[in-house]
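Visitor: This structure is in structure tokens; I'll ask about it shortly.
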Amino acid sequence: MIAMDTAARVETTGQELTRLLAVAVEAFTAAARVTQRPVKRGADGYLEADKSADPQRLNWSEFVCAALAGAAANMGGSRELLADRPPAIEDQHVKALLAHTLGSKDEDIACHRTEPVHVTLHMLAILSDLARELAQADVHGTDIRRLEAHLDMVGLDRARTEPAAVDGAYQDSIAKRILLPIGEDMKTYLLRSNMLCPCPITVHIDLSCKRSGTLFGGAADSFTEKLIREAAEESARPWLVDRWSEIQAVPVSARTAG
């Protein structure tokens, strides 16, 4: 039964790939047949079709590169597009086309995205990664644990002075009073920054435990990492820099104190 199910899945996958290939071939063929008139600058200063000129075939190579770049953007980046796949001799050619269209580090990826973007701001991961970067550039070699101790102490101090936040609830106070405002600022920045990404963006703020990962701020992919870092530079880093000397002074043992 398992072998039959596997065979059925393979057959279904093969049929889907065959269908998608037919769609892609049809789209590329249709684009190759498209013609358009050259443009000229009209009397009003705007570009318009030059109706006196003969139609010309479009730049089909540019069309192909744009389609490839769009797929990479929707998948989260050039790296994600080719990740976890069997190696192929075509990989190097695809990478070259993507680098030509998007830049060597996907600098121009945002304008090629066609699908909505869902961003999760893992606030503890974002602040921790920013603090690690600051610590690496700091001659004092500030330990990353000092940031966690600093957040605990600030939250605990406020919990002690406000009855609503006593009896072990100071951790929630940290999230709501420190992390949430920074997250809201980052969210506002992302939603207002159409230049970062022209596609619809939804932003979720996660105040729970720090998410680990290889990308900045626990981002899901390279595309969202760029958005998160841009927003962090605007909102989270200034907050951290302003308190950096205060964080340096916090004993690492403060996290387990009292």
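Numbering (our numbering), first residue to last: 1 to 258. For glycine and all other residues, C-beta sits at the position ideal for the given N, C-alpha and C.
(1) Smallest Cα separation from E107: which of D91, R132, E115, A73?
(2) Please state the DSSP three-state secondary structure of E16.
(3) Rounding to the nearest angstrom, what Cα-Cα distance links L134 and L179 in this structure?
(4) Expressed to the nearest angstrom, what Euclidean distance is found between the alpha-carbon atoms of A30 and H204?
(5) Can you list, in chain order, the residues of its chain with a C-beta nearer than 7 angstroms to that of W244? Leave out the 5 residues immediately preceding and following it.
(6) Looking at the strands, I want to know which residues DSSP matches up with I205.
(7) How should C209 be labelled, buried or exposed, when 16 other C-beta atoms within 10 angstroms of its C-beta is the threshold for buried?
(8) Roughly how many angstroms lie between the CA atoms of D129 and I247, to the nearest whole one?
(9) On a CA-only basis, which of E16, K40, G103, G217 is nearest S78? Give me that one, please.
(10) For V34, does the three-state DSSP call read helix, strand or coil?
(11) Any idea if G168 is buried or exposed, counting beta-carbon neighbours within 10 angstroms, 16 or more meaning buried?
(12) Please report how far the alpha carbon of A71 lies from the alpha carbon of G213, in whole angstroms.
(13) Who pairs with R41 in a beta bridge, going by DSSP?
(14) Does DSSP put R85 in a helix, in a strand, or in coil?
(15) Using CA atoms only, rank isn't needed, just tell me which of W239, L47, L21 is closest to L147.
(16) Under 9 angstroms between the Cβ atoms of M123 and I182?
(17) Can you pull the DSSP bridge partners for R113?
Guide: Based on what the coordinates show:
(1) Counted from its first residue, the sequence shown places residue 107 at position 107. Out of D91, R132, E115, A73, A73 has the C-alpha closest to the C-alpha of E107.
(2) Here residue 16 refers to the residue found at position 16 of the sequence shown. Three-state result, E16: helix.
(3) Residue 134 sits at position 134 when you count from the first residue of the sequence shown. Residue 179 sits at position 179 when you count from the first residue of the sequence shown. Near 18 angstroms, if we compare the C-alpha coordinates of L179 and L134.
(4) Taking the first residue of the sequence shown as position 1, residue 30 is located at position 30. Taking the first residue of the sequence shown as position 1, residue 204 is located at position 204. C-alpha separation (whole angstroms): 40 angstroms.
(5) Start at 1 with the first residue of the sequence shown, and residue 244 comes out as number 244. Hits under 7 angstroms: L134.
(6) Mapped onto the sequence shown, residue 205 falls at position 205. Looking at the DSSP assignment, I205 forms a beta bridge with L121.
(7) One-based indexing of the sequence shown puts residue 209 at position 209. When all chains shown are included, C209 counts as exposed.
(8) By 1-based counting over the sequence shown, the position of residue 129 is 129. By 1-based counting over the sequence shown, the position of residue 247 is 247. Each residue's Cα considered, the two are about 15 angstroms apart.
(9) As a first step, residue 78 must be located in the sequence shown, where it is residue number 78. Per the Cα distances, G103.
(10) Within the sequence shown, residue 34 is the residue found at index 34, counting from 1. Three-state DSSP puts V34 in coil, outside helix and strand.
(11) Reading the sequence shown from its first residue, position 168 is the one you call residue 168. The pLDDT assigned to G168 is 49, lower than 50, so where the model puts this residue is not dependable; a value taken from the coordinates is nonetheless given after this. Classification for G168: exposed.
(12) For the purposes of this step, residue 71 is identified with residue 71 of the sequence shown, where counting begins at 1. For the purposes of this step, residue 213 is identified with residue 213 of the sequence shown, where counting begins at 1. Each residue's alpha carbon lies about 24 angstroms from the other.
(13) Along the sequence shown, read from residue 1 onward, the residue named residue 41 stands at position 41. Paired residue(s): L47.
(14) Mapped onto the sequence shown, residue 85 falls at position 85. Three-state result, R85: coil.
(15) Stepping through the sequence shown from its first residue, residue 147 is reached at position 147. Nearest C-alpha to L147: W239.
(16) Counting from 1 along the sequence shown, the entry for residue 123 is found at position 123. Counting from 1 along the sequence shown, the entry for residue 182 is found at position 182. Contact: yes.
(17) The count along the sequence shown starts at 1 and reaches residue 113 at position 113. None, per the DSSP bridge assignment.
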